[in-house]
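Per my numbering, the very first residue in the sequence shown carries number 3; after that it's consecutive. What follows is one structure encoded as structure tokens, with my remarks underneath.
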Amino acid sequence: MALQELMRLRLQTLARMFTGKNDLTVEIRPGTSNTDFKKVYVNSFPGEIIPGVPASREEIWLAQKAANAHEAGHIKFTDQSAWQEAVSRGTAFRHLVNIIEDARVERAMSNAYPGLKKQFRFYNEYVFLNRKEFGDKITALFMGLLFYAKVGRIPEAIASQKEILGLIKKASPAIDRGRTSPDTWGVLDAAQEVWEVIQDFAGDNTPDMPLPPDKLGTENPVEAPRGNEDPRRKPRLPEPAEAEEAKRVERHKTSEENEVNPPEELPDEETPEPATDTEPNGPEQNGETGEADDEPGNEPGSGHSTGGTGKPEEETEPEHASADENKSESKAGNEPEDGAEEEGENNIAENNPSENFPDVLSDNATDPEADGDTFPPETEQTGETGEPDPDEEINPSLDDPEELSDNASDPEVGEDIPLEPEKTGETGEPDPDEETKPFDDPDNDICPGSVSGDDGEIGSDADELIEAAKAELENMESKNSRKEKGAAAPQLHVNPEDIEPVVSQGLHKGISFKEFSQEHLLKSNGFTEEECRSAYNVIKSSVAHLVNKTADEIKKALEYRASVPQRNLRRGRLDGGSLWKLKTADPRVFFKVQQPGDVPTLAVYLLVDVSGSMGIYDAPPSIAGMESVPEDLSLFAKEWWFAIHENPKRITRAVQAATTLAEVCGFLNIPYTVVGFSTGYFSVLHYRYVKWGEKENHRLALMTHNQNNRDGYSIRTATRELLSRPDNRKILIVLSDGKPNDFGYRHLEAVNDTAKAVREAEKQGIGVIGIFFGDRDEIPIAQKIYNNFIYAEELAALPVILGRLLKKIILN
Numbered sequence: 003m004a005l006q007e008l009m010r011l012r013l014q015t016l017a018r019m020f021t022g023k024n025d026l027t028v029e030i031r032p033g034t035s036n037t038d039f040k041k042v043y044v045n046s047f048p049g050e051i052i053p054g055v056p057a058s059r060e061e062i063w064l065a066q067k068a069a070n071a072h073e074a075g076h077i078k079f080t081d082q083s084a085w086q087e088a089v090s091r092g093t094a095f096r097h098l099v100n101i102i103e104d105a106r107v108e109r110a111m112s113n114a115y116p117g118l119k120k121q122f123r124f125y126n127e128y129v130f131l132n133r134k135e136f137g138d139k140i141t142a143l144f145m146g147l148l149f150y151a152k153v154g155r156i157p158e159a160i161a162s163q164k165e166i167l168g169l170i171k172k173a174s175p176a177i178d179r180g181r182t183s184p185d186t187w188g189v190l191d192a193a194q195e196v197w198e199v200i201q202d203f204a205g206d207n208t209p210d211m212p213l214p215p216d217k218l219g220t221e222n223p224v225e226a227p228r229g230n231e232d233p234r235r236k237p238r239l240p241e242p243a244e245a246e247e248a249k250r251v252e253r254h255k256t257s258e259e260n261e262v263n264p265p266e267e268l269p270d271e272e273t274p275e276p277a278t279d280t281e282p283n284g285p286e287q288n289g290e291t292g293e294a295d296d297e298p299g300n301e302p303g304s305g306h307s308t309g310g311t312g313k314p315e316e317e318t319e320p321e322h323a324s325a326d327e328n329k330s331e332s333k334a335g336n337e338p339e340d341g342a343e344e345e346g347e348n349n350i351a352e353n354n355p356s357e358n359f360p361d362v363l364s365d366n367a368t369d370p371e372a373d374g375d376t377f378p379p380e381t382e383q384t385g386e387t388g389e390p391d392p393d394e395e396i397n398p399s400l401d402d403p404e405e406l407s408d409n410a411s412d413p414e415v416g417e418d419i420p421l422e423p424e425k426t427g428e429t430g431e432p433d434p435d436e437e438t439k440p441f442d443d444p445d446n447d448i449c450p451g452s453v454s455g456d457d458g459e460i461g462s463d464a465d466e467l468i469e470a471a472k473a474e475l476e477n478m479e480s481k482n483s484r485k486e487k488g489a490a491a492p493q494l495h496v497n498p499e500d501i502e503p504v505v506s507q508g509l510h511k512g513i514s515f516k517e518f519s520q521e522h523l524l525k526s527n528g529f530t531e532e533e534c535r536s537a538y539n540v541i542k543s544s545v546a547h548l549v550n551k552t553a554d555e556i557k558k559a560l561e562y563r564a565s566v567p568q569r570n571l572r573r574g575r576l577d578g579g580s581l582w583k584l585k586t587a588d589p590r591v592f593f594k595v596q597q598p599g600d601v602p603t604l605a606v607y608l609l610v611d612v613s614g615s616m617g618i619y620d621a622p623p624s625i626a627g628m629e630s631v632p633e634d635l636s637l638f639a640k641e642w643w644f645a646i647h648e649n650p651k652r653i654t655r656a657v658q659a660a661t662t663l664a665e666v667c668g669f670l671n672i673p674y675t676v677v678g679f680s681t682g683y684f685s686v687l688h689y690r691y692v693k694w695g696e697k698e699n700h701r702l703a704l705m706t707h708n709q710n711n712r713d714g715y716s717i718r719t720a721t722r723e724l725l726s727r728p729d730n731r732k733i734l735i736v737l738s739d740g741k742p743n744d745f746g747y748r749h750l751e752a753v754n755d756t757a758k759a760v761r762e763a764e765k766q767g768i769g770v771i772g773i774f775f776g777d778r779d780e781i782p783i784a785q786k787i788y789n790n791f792i793y794a795e796e797l798a799a800l801p802v803i804l805g806r807l808l809k810k811i812i813l814n
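Quick look at the structure:
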């Protein structure tokens, strides 16, 4: 399996975990990242994320993870009806809602899965730092709103346009309220406020940006959770050049005055409280805070506010002795300072309307160049980094079980690097020389209405994330190498010329052998790969509860093997006891601990009876009919849903058992193949549903019952194939109703031949297990054939019994 496929499977596992949709699939392809709610399409970013800017594979992988989580966030949090309302109000309004909703979803996802915060931040800031073209005025305005909502900064090329910068400043409080809203309807309200600010400027024009989709979201969205995690840094909007120059001159003048007449220093206990209402004729005050009402053109940070004293700005700029003193000071009216959220949510909600929902999930980030969704999101986190390790076991869906288990057995690679707390300087300590300002200070360049987000330089988290991505990719490469090694054994797509001279003897004399390929199976059944995947998802979801249990039992069966170090190797870990060999001609000074799951260890051959007797119903057909089948399934998937839930046949339960075992083998990185067997006219027919080294199990949905069976012939054929493999232990699991039957091959002689084939395999070191789907009164016949026997009356009993038999076989 190629590395690209491992990456796709990992993204798919994460997308399913984010959304709880076990039938969701992921496809990596060139073009925009988007979703149709059945599939997530992730941009392959061929060599670059921003056109013309080469990107490393680690940067591309981070961007892909972000895009994947972003689209999953839309599925989880975006309200479909609210989005339809946004679409109905016109193209420009749709863009506004998309910008704010993307930021809201990313914030929501960051609170649901804290590790996503830095991953979203990486992608958003990467775009911010590398994008240089922002289009005409209307496009530049919308891009500026986008960067403010997701990054908290405005590109210099946009900020230099005074009119646009002014509009962004006026719109920023509404954006802050929208991105912390618990639902998409709150985003619509915020977007309406923003539209009222920019409507005259925008007119009938629309931005030159990819149009967001007509359909987005879910009918039953999850409300954004509360939390303080925010992928956007604490926002800072630049001042107009004139205001900046005026403040620079005034600060220089104040500095010179202080050098001539240094201010008298007061002891700490005599530090006066901040000035309140000192002038009777000053501007109207707000409550007890002593703060002037904001008026149009008089927003905080504009350089023209009179503050709370009525004095000109230059006379009210606070002086600060140190960063530590600022943290200890309290403001009149208990107004929040930076980081005030630590003092309690009540203050935040009371004084900052935009923070009424500080824990909102935010997962909708997409590529502004690739999609109408702004910047893509990242993956969940649950470990030390807060990110759910895709190599851990995930319930209820095990999309790529191998990925979920690999890190547990290989401590050298694959674990995400813990992300350290944000640092404010090179040492991580606050800079005592850096000027700090109260949140509501008119000279403060942090926008009002947003206390979430942390300080830090744009792009400061990139290095550690790239290192983590590098380790993750190396882990997948290592895993892929092991897969290829396991699949490197001769792929005996059994040659009739090799089989017939050996097996077509005695009772089978004159019988020919033929194996059908997967391509033949698809063509003969008339189904596409996508139809098979849809139907297979129905089958897999019906046994999801068994997969983990079975995997646990098989792990226990493997645990008897002690992890014995292999020494005298040319690569691996350095063996201190072998360093004396360094002066020899061939210094082998390394060792490796052989872990369960390393190749070669165990190979499993699943041989499934697909003869006509497997079409017998386990119970009378239900009268419920197809009306009870879920409406959103394809026709082929509906047939399987009906077969599982209403009219189960023996073949239905055999396919469910084969699905469970195939998923478990993939989860534990055990090489396996799945083959069906029946007969034709004086011939034995094999159908290869899953090849060795392959983890695409969806073609099991094509399995059906037909003709007769010669169990002894098929078991001997499978035995020869297993003997060609390099694995230390080989297991043949036969899923059948225990009724070998064909022309000239019936009754006791057929039973005896099948039992003889089983004994022949066991004598050659192959463990054979029979899983029986026949009638209870036929159990004695099946027990005569198989020394290791499971009666599959209830699939729920399969995990424990199978684990017990495997341990018996492995222990010999």
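No residue lacks a Cβ here, since even glycine has one placed at the ideal position from N, Cα and C.
Point to revise | Beta-carbon proximity list for Thr681, same chain, < 7 Å, skipping 5 on both sides | key: Leu687, Gln709, Asn710, Asn711, Arg712 and Asp744
Review point. Around the C-beta of Gln121, are 16 or more other C-beta atoms found within 10 angstroms, so that it is buried, or is it exposed?
Key: buried
Review point. How far does the beta strand (DSSP E) with His72 in it reach, from first residue to last?
Key: From DSSP, His72 is part of no beta strand (DSSP E) but of the alpha helix (DSSP H) over Arg59 to Phe79.
Check your understanding: To the nearest whole angstrom, what separates the beta carbons of Gly740 and Ile792, a pair I think is in contact under 8 Å?
Key -> 12 Å between Cβ atoms; not a contact.
Review point. Roughly how many angstroms lie between the CA atoms of Trp694 and Phe79, to the nearest whole one?
Key: 40 Å
Practice item. Report the three-state DSSP secondary structure of Ser738 (helix, strand or coil). Key: strand
**Study point:** Start and end residues, alpha helix (DSSP H) containing Tyr691
**Key:** Careful: Tyr691 lies outside any alpha helix (DSSP H), inside the beta strand (DSSP E) at Ser685 to Val692.
**Study point:** Burial state of Phe684 (16 or more Cβ within 10 Å)
**Key:** exposed
Exercise for review: Go through its chain and collect everything with a Cβ distance to Val55's Cβ below 7 Å, but skip five positions before and after it.
Suggested key: Asn132
**Study point:** Inter-stretch contact (C-beta, 8 Å, three-pair minimum) for the stretch 655-662 and the stretch 526-537
**Key:** no
Review point. Is Phe518 closer than 8 Å to Glu502 when the C-beta atoms are compared?
Key: no
Check your understanding: In angstroms, rounded to a whole number, what distance separates the CA positions of Leu724 and Leu467?
Key -> 44 Å
Point to revise | Helix, strand or coil at Pro56 according to DSSP, with G and I counted as helix | key: strand
Exercise for review: Report the rounded CA-to-CA distance for Leu16 versus Ala71, giving the unit in angstroms.
Suggested key: 8 Å
**Study point:** DSSP three-state assignment for Ala94, whether helix, strand or coil
**Key:** helix
Review point. In the structure shown, what three-state DSSP assignment does Asp744 receive?
Key: strand
Point to revise | Boundaries of the alpha helix (DSSP H) in which Glu764 is found, first to last residue | key: His749 to Lys765
Point to revise | Contact under 8 Å by Cβ, Leu5 with Asn482 | key: yes
Point to revise | Stretch-stretch touch, CB-based, cutoff 8 Å, three pairs: the stretch 728-739 with the stretch 633-642 | key: no
Check your understanding: Under a Cβ-count criterion, where at least 16 other Cβ atoms within 10 Å of its own Cβ denotes burial, should Ser58 be classed as buried or exposed?
Key -> exposed
**Study point:** Under the three-state DSSP convention, the category Gly816 falls into
**Key:** Here the chain covers residues 3 to 814 and nothing more, so residue 816 does not appear.
Practice item. Could you pull out every unbroken alpha helix (DSSP H) segment of at least 4 residues lying fully inside the stretch 609-670, listed in chain order? Key: 637-647 and 652-669
**Study point:** Asn222 burial status per 10 Å Cβ neighbour count (16 or more: buried)
**Key:** exposed
**Study point:** Same chain only: Cβ atoms within 6 Å of Glu380, ignoring 5 sequence neighbours per side
**Key:** Bear in mind that the predicted position of Glu380 carries a pLDDT of just 40, short of 50, making it unreliable; the figure below should be weighed with that in mind. The residues are Lys67, Ala68, Ala71, Leu118, Gln121 and Phe122.
**Study point:** Endpoints, the beta strand (DSSP E) within which Phe518 is located
**Key:** Ser514 to Phe518
Practice item. If I'm right that Ala151 touches Ala105 with Cβ under 8 Å, what's the distance once you round it to whole angstroms? Key: 4 Å
Point to revise | Alpha-carbon to alpha-carbon, Phe144 and Asn36 | key: 20 Å
**Study point:** Proximity of Ala173 and Ile140 at Cβ, strictly below 8 Å
**Key:** no
Exercise for review: Could you tell me whether the stretch 152-172 touches the stretch 227-238, using the rule of 3 or more Cβ pairs below 8 Å?
Suggested key: yes
Exercise for review: Compute the Euclidean distance between the alpha carbons of Arg761 and Leu663, then round it to the nearest angstrom.
Suggested key: 23 Å
**Study point:** Arg31 to Ser46 span [Cα, whole Å]
**Key:** 5 Å
Review point. Which two residues bound the contiguous beta strand (DSSP E) that contains Glu29?
Key: Thr27 to Arg31
Practice item. Determine the burial state of Thr756: buried for a count of at least 16 other Cβ atoms within 10 Å of its Cβ, exposed for fewer. Key: buried
Check your understanding: Enumerated in chain order, which unbroken segments of the alpha helix (DSSP H) with a length of 4 residues or greater are wholly contained in the stretch 98-159?
Key -> 118-132 and 139-152
Exercise for review: With Lys217 as the anchor, note down where its alpha helix (DSSP H) starts and where it stops.
Suggested key: It is not in any alpha helix (DSSP H) - Lys217 carries neither H nor E in the DSSP assignment.
Exercise for review: Please confirm whether Ala88 and Thr208 have their CB atoms less than 8 Å apart.
Suggested key: no
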